[in-house]
Structures are given as C-alpha cells and as structure tokens.
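S.K.: Here's a structure for you.
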Amino acid sequence: MKPILLIALCVLSFGSSFAKDAAPLADDPVIEQRLISISEEMRCLVCQNESLAGSRSDLANDLRREIRTLIKEGKSDDQIRSFMVERYGDFVLYRPPVKPITWLLWIGPFIILLIGIAGLLTYLRRRNNAVSIITLSDDDNKRIDALLNNKSGKGAL
Amino acid sequence: MKVKFLLPLLLFIVLVIFLAIGLNRDPQEVPSPLINKPAPAFEIPQLSETNQSFSPASMKGQVWILNVWASWCVACREEHPVLVELAKSKAAPIIGLDYKDKREDALAMLATQGNPYLLSAFDSNGRVGIDYGVYGVPETYVIDKAGVIRFKHIGPITMNILNQKIYPLISELQKS
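Sequence order for the protein chains is D and V.
Per the working numbering: the first sequence = residues 300 to 456.
Per the working numbering: the second sequence = residues 138 to 313.
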C-alpha cells in the first residue's frame, strides 16, 4: 500500500509544480481580448519572430502585464501603442507607421512594380518593331503552297 | 550586346552587396528611440542600502553611466571586468540597475567579482527596465550633465567599445 501512496504523492507534487508556471489569467475577458488584439500587432524584442501575444519570454510576460495595467487605467489603444514605441521604437510595431523615413518601405514595392511594367512595355514594343515585314514574291507563294500540300499529304498517312 | 550579358552579373553583385551588409548587421540591435531624450525618472531602493533610494535626478550636473545588469545574466559576467576597468579609470561614475534579480545573488556576485558601481538600484520587477526600453541585459547608457541619454549599447561592453566610443564621448560631454 505504501509504495502506491508514495507514487501518488510524487504525481501530485509534480502537478502542483507545473500549475505554478501557468500564466495568470485576467479576471476580465474584455481586457484580455483587447490585450490580445494589441499585442498581436507587436513584436517581441527577445524572440523577434514572435508576436508579443505569442511569446513566452520573460520580457513579453512583463510587457503584457504592463499593457494589462494600462488597459485597466483606461488608456486607449493608440496611447498604449505610443507607450511601447516611446520605449522600444517603431521596431515593436509589425505595421510601421507612414513617415518620411518609412516612405521608401511603403512606396518602394510599387515603384519597383512600375519600373517592371515600364520595362515590360518597352521590351514588348521593341520586339514588335523588330519583326520586319517581308513581302513574298509569287515564287515564294508557290513554294509555300507546294510545301503545305506536301505536308497535308503526309498528314493523311 | 555585351552589356546585356553583363546585366545578370551586375544584378548578382548588387544582391551580394545587400546580403553582405545585411549579414554584418546585428539583428538583435534595435535602435533606441531614447537617444537624445531625457533619461526616464524613477525612484527605487538601492541594492545594498535597502533603506535608501536612488533617483537619476540626483546625478544631474555630471556625466554618468547607467549599466543594466543581473547576476543571472551570463553576458554580464563577461562584461564585468571591463566595467571594473572603466571604474578604475574614474572617467565617470557607473550606476548599476540590478534587473529582476535576487538581492542575495546580486550582492554575492559583486562580492566575488568586484563592484564597479558607485551604487546599484534594485529593479526587482523590471518596471524601470521597461521605461528604459531594456530587452536584453546587459545594456549601458551614457547620460550627460543635463540628464539626457547620449549613447546606448546593447550587449556586453568590450574594451574596444570602451576605447573607441565611450571614453571619447565622456570626455566630449565633460567639456560642455
């Protein structure tokens, strides 16, 4: 009986040590929803390929806690965003704001697209012009007819 | 006609240049928006004198260095001898910000490895760290006489950085 008790005790103590690691849930689902919608748009600075909402790093935990407090204080989403940008720079935002330094980033792809379209059009136009118009003589026409007849004859085979 | 054949090669060279620049930059190093902004104010207890607090306002009028460290941070141990060297030079006072640490661990580390800090502020929950945009310890700030952040370095300071950036900057800031 005793070993079973011991095993049960071990299992139970394991359970409690894991339970300790669970992230604290906010009591208010509305706050939690806003937290997720804000932090999904933000980069975790420690593991840069993860969003702040998805990261399990210590800093992300702290920042989520901070955002939660800001929401409870009644700050708007924009205020919370600027709170983060003041500290970590535009880098935290997955969607960089449109300003002179990011103009190239936002407009660049369209400029490249325009250059591509212009290049394609000039190429096509030049290729059209390169095709020279050849006038066929009667002899040529006869030869062509002969060849075509020959071919259709072959096709009948 | 020859230019046409060279075009792919030229494009390739441009691509290689872009990749080379990209690879040689540290993606962990995010430019701080705090440069040339006043150092955020705070008032928290000191590490060793628990009943005394530290506030950046008390450093007004001198050039000083804020170094974010922790006993659990391996890179900080690597950096520590450089900080001791910096303290010996007496170029500027170094204030430590002990980030999310255990008091006894932090004091033990300073006892064994030497204490380069004039004092350390004890940021137990990392709240001050958030205001300073700390995301990877160690981080080092050079703050001028007016309390404006002039330089930030993320990651351990090396003798190279000390000699090439921090010492010249301090002596320049001392003059003004």
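Using N, Cα and C, we set each Cβ at its ideal position, and we do this for glycine too.
Remember, predicted model here, so these are calculated numbers, not experimental data.
(1) Does DSSP put V:Lys302 in a helix, a strand or coil?
(2) Could you tell me which residues DSSP puts in a beta bridge with V:Pro175?
(3) Any C-beta of chain D within less than 9 Å: which residues of the segment 236 to 270 of chain V qualify?
(4) Please confirm whether V:Tyr272 has its beta-carbon closer than 8 Å to some beta-carbon of chain D.
(5) What in chain V is Cβ-close to D:Glu340, meaning under 8 Å?
(6) Nearest to V:Trp201 by CA position, among V:Leu299, V:Pro230 and V:Glu276, is which residue?
(7) Between V:Phe191 and V:Ala258, which are expected to be in contact by the criterion C-beta below 8 Å, what is the C-beta distance as a whole number of angstroms?
(8) From the DSSP output, in three-state form, read off V:Asn161 for me.
(9) In the DSSP assignment, find the unbroken beta strand (DSSP E) run with V:Leu203 in it and report its ends.
(10) Nearest chain D C-beta to V:Ser185 closer than 8 Å, yes or no?
(11) Return helix, strand or coil for V:Glu216, following the three-state DSSP convention.
(12) Identify the contact partners of D:Phe390 in chain V, using a Cβ-Cβ distance below 7 Å as the criterion.
(13) Whole angstroms is fine: what's the gap from V:Met196's alpha carbon to D:Lys371's?
(14) Put V:Thr277 into one of helix, strand or coil per three-state DSSP.
(15) Are D:Leu404 and D:Met341 close, meaning C-beta to C-beta below 8 Å?
(16) To the nearest angstrom, how far is it from the Cα of D:Leu362 to the Cα of D:Leu344?
(17) Name the chain D residues that come within less than 7 Å of V:Pro275, Cβ to Cβ?
(18) Cβ of V:Pro164 less than 8 Å from any chain D Cβ?
(19) Determine which residues share a DSSP beta bridge with V:Phe259 and list them.
(20) Using only the alpha-carbon positions, how far apart do V:Ile303 and D:Ile366 sit?
M.R.: Per the coordinate set shown:
(1) helix
(2) V:Val285
(3) In summary, the residues of the segment 236 to 270 of chain V whose CB is separated from some CB of chain D by less than 9 Å are Lys237, Asn262, Gly263, Arg264, Gly266, Ile267, Asp268, Tyr269 and Gly270, in the order they occur in the chain.
(4) yes
(5) None at all; the shortest Cβ gap to chain V is about 17 Å.
(6) V:Pro230
(7) The beta-carbon distance between V:Phe191 and V:Ala258, rounded to whole angstroms, is 4 Å. This is short enough to meet the 8 Å contact definition.
(8) V:Asn161 falls in the coil class under three-state DSSP.
(9) Trp201 to Trp206
(10) no
(11) helix
(12) Val167
(13) One C-alpha to the other measures close to 34 Å.
(14) strand
(15) no
(16) 10 Å
(17) In chain order: nothing, as chain D lies at least about 14 Å away.
(18) yes
(19) V:Asp235
(20) 34 Å
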